[in-house]
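Just below is one structure, and these are the notes that go with it.
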Amino acid sequence: MEIAVMEKVCVSNCLAKAECGKGAETLGSTCPLNVCCGAWGYCGTLEAYCGTGCQSNCNQPAASGHNKGDVRKLVIGYWEAWSLTRRGCAGRSVDDIPVDSLTHLNVAFAYITPDTFVRSPPTR
(Lines of atoms letter the chains of each structure in order from A and count residues from 1; the text may use other names and numbers.)
(Lines give C-alpha, C1' and ligand atoms only; values in the text may rest on other atoms or scores of the structure.)
Protein backbone atom coordinates (compact mmCIF):
# COMPACT_ATOMS: atom_id res chain seq x y z
CA MET A 1 0.00 0.00 0.00
CA GLU A 2 1.38 3.37 -0.98
CA ILE A 3 0.61 6.48 1.13
CA ALA A 4 1.06 9.92 -0.35
CA VAL A 5 2.20 12.59 2.06
CA MET A 6 1.26 16.09 1.18
CA GLU A 7 2.20 19.11 3.21
CA LYS A 8 -0.04 22.12 3.24
CA VAL A 9 0.88 25.46 4.64
CA CYS A 10 -1.97 27.57 5.93
CA VAL A 11 -1.46 31.29 5.69
CA SER A 12 -4.00 33.61 7.25
CA ASN A 13 -5.21 36.49 5.16
CA CYS A 14 -7.86 37.51 7.69
CA LEU A 15 -9.17 40.99 7.11
CA ALA A 16 -10.88 41.26 10.51
CA LYS A 17 -10.44 44.54 12.32
CA ALA A 18 -10.98 45.57 15.91
CA GLU A 19 -13.91 47.83 16.84
CA CYS A 20 -11.63 50.48 18.29
CA GLY A 21 -8.08 51.40 19.17
CA LYS A 22 -4.83 50.44 17.49
CA GLY A 23 -6.33 47.45 15.63
CA ALA A 24 -9.32 49.29 14.17
CA GLU A 25 -9.75 49.98 10.48
CA THR A 26 -9.35 53.67 11.29
CA LEU A 27 -6.39 53.67 13.65
CA GLY A 28 -7.35 55.00 17.07
CA SER A 29 -11.13 54.85 16.56
CA THR A 30 -13.12 55.26 19.75
CA CYS A 31 -16.22 53.37 20.82
CA PRO A 32 -19.79 54.56 20.27
CA LEU A 33 -21.46 56.11 23.33
CA ASN A 34 -17.97 56.85 24.73
CA VAL A 35 -17.61 53.46 26.40
CA CYS A 36 -14.17 51.98 27.07
CA CYS A 37 -11.99 50.55 24.31
CA GLY A 38 -10.35 47.48 25.83
CA ALA A 39 -6.84 46.14 25.28
CA TRP A 40 -7.95 43.89 22.41
CA GLY A 41 -9.98 46.52 20.58
CA TYR A 42 -13.49 45.70 21.77
CA CYS A 43 -15.96 48.13 23.35
CA GLY A 44 -17.57 47.70 26.76
CA THR A 45 -18.19 49.11 30.23
CA LEU A 46 -16.85 46.36 32.49
CA GLU A 47 -13.47 46.21 34.21
CA ALA A 48 -12.20 43.92 31.42
CA TYR A 49 -12.56 46.84 28.99
CA CYS A 50 -11.92 49.85 31.26
CA GLY A 51 -9.10 48.39 33.37
CA THR A 52 -5.56 47.34 32.51
CA GLY A 53 -4.77 47.87 28.83
CA CYS A 54 -7.73 50.15 28.15
CA GLN A 55 -7.02 52.27 25.06
CA SER A 56 -9.60 55.09 25.27
CA ASN A 57 -12.52 56.42 27.35
CA CYS A 58 -11.10 54.48 30.29
CA ASN A 59 -12.54 56.60 33.09
CA GLN A 60 -16.20 56.34 34.05
CA PRO A 61 -18.37 59.37 33.31
CA ALA A 62 -18.59 61.92 36.07
CA ALA A 63 -21.64 61.52 38.28
CA SER A 64 -24.26 64.22 37.98
CA GLY A 65 -27.20 65.29 40.09
CA HIS A 66 -27.83 63.29 43.25
CA ASN A 67 -26.08 60.15 42.03
CA LYS A 68 -22.49 60.08 43.27
CA GLY A 69 -21.74 56.45 42.39
CA ASP A 70 -20.60 54.61 39.31
CA VAL A 71 -23.07 55.53 36.56
CA ARG A 72 -22.33 52.21 34.83
CA LYS A 73 -24.16 50.47 37.68
CA LEU A 74 -27.46 52.27 37.16
CA VAL A 75 -30.46 50.08 36.37
CA ILE A 76 -33.15 52.26 34.84
CA GLY A 77 -36.67 50.95 34.33
CA TYR A 78 -39.12 52.41 31.82
CA TRP A 79 -42.82 51.95 32.51
CA GLU A 80 -45.42 52.80 29.91
CA ALA A 81 -48.14 54.41 31.97
CA TRP A 82 -50.74 53.74 29.27
CA SER A 83 -50.16 49.99 29.67
CA LEU A 84 -52.85 50.05 32.36
CA THR A 85 -55.40 50.16 29.54
CA ARG A 86 -53.97 47.17 27.68
CA ARG A 87 -55.52 43.73 27.99
CA GLY A 88 -53.97 40.35 28.59
CA CYS A 89 -50.24 39.83 29.06
CA ALA A 90 -49.39 43.29 27.74
CA GLY A 91 -51.28 45.05 30.54
CA ARG A 92 -49.18 45.92 33.57
CA SER A 93 -50.09 47.69 36.77
CA VAL A 94 -47.84 49.81 38.95
CA ASP A 95 -47.59 46.87 41.36
CA ASP A 96 -45.84 44.83 38.64
CA ILE A 97 -42.80 47.13 38.60
CA PRO A 98 -39.79 45.38 40.21
CA VAL A 99 -38.69 48.49 42.10
CA ASP A 100 -36.25 46.54 44.30
CA SER A 101 -34.21 45.75 41.17
CA LEU A 102 -34.03 49.33 39.88
CA THR A 103 -31.99 52.37 40.77
CA HIS A 104 -34.26 54.69 38.75
CA LEU A 105 -37.74 54.50 37.24
CA ASN A 106 -38.99 56.59 34.32
CA VAL A 107 -42.78 56.82 33.99
CA ALA A 108 -42.85 59.79 31.64
CA PHE A 109 -44.38 58.04 28.65
CA ALA A 110 -47.29 59.23 26.58
CA TYR A 111 -48.68 58.45 23.14
CA ILE A 112 -47.89 61.12 20.56
CA THR A 113 -49.70 61.05 17.24
CA PRO A 114 -47.13 60.81 14.43
CA ASP A 115 -48.88 63.25 12.09
CA THR A 116 -49.72 66.10 14.50
CA PHE A 117 -47.25 65.39 17.34
CA VAL A 118 -50.08 65.92 19.83
CA ARG A 119 -50.27 63.86 23.02
CA SER A 120 -53.36 61.70 23.00
CA PRO A 121 -54.77 58.46 24.44
CA PRO A 122 -53.44 55.30 22.79
CA THR A 123 -55.56 53.77 20.05
CA ARG A 124 -55.11 50.21 21.33
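Under UniProt numbering, the sequence shown has 85 at position 85, and the numbering climbs by one with no breaks. Ideal Cβ placement from N, Cα and C applies to all residues, glycine included.
The straight-line gap separating the alpha-carbon atoms of residue 18 and residue 94 is approximately 44 Å. Of the candidates 70, 15 and 117, the residue whose Cα lies closest to the Cα of residue 103 is 70. Distance from the CA of residue 40 to the CA of residue 23, rounded to the nearest whole angstrom, comes to 8 Å. Straight-line spacing of the CA atoms in residue 44 and residue 97 works out to 28 Å. If you draw a straight line from the Cα of residue 31 to the Cα of residue 114, it is about 32 Å long.
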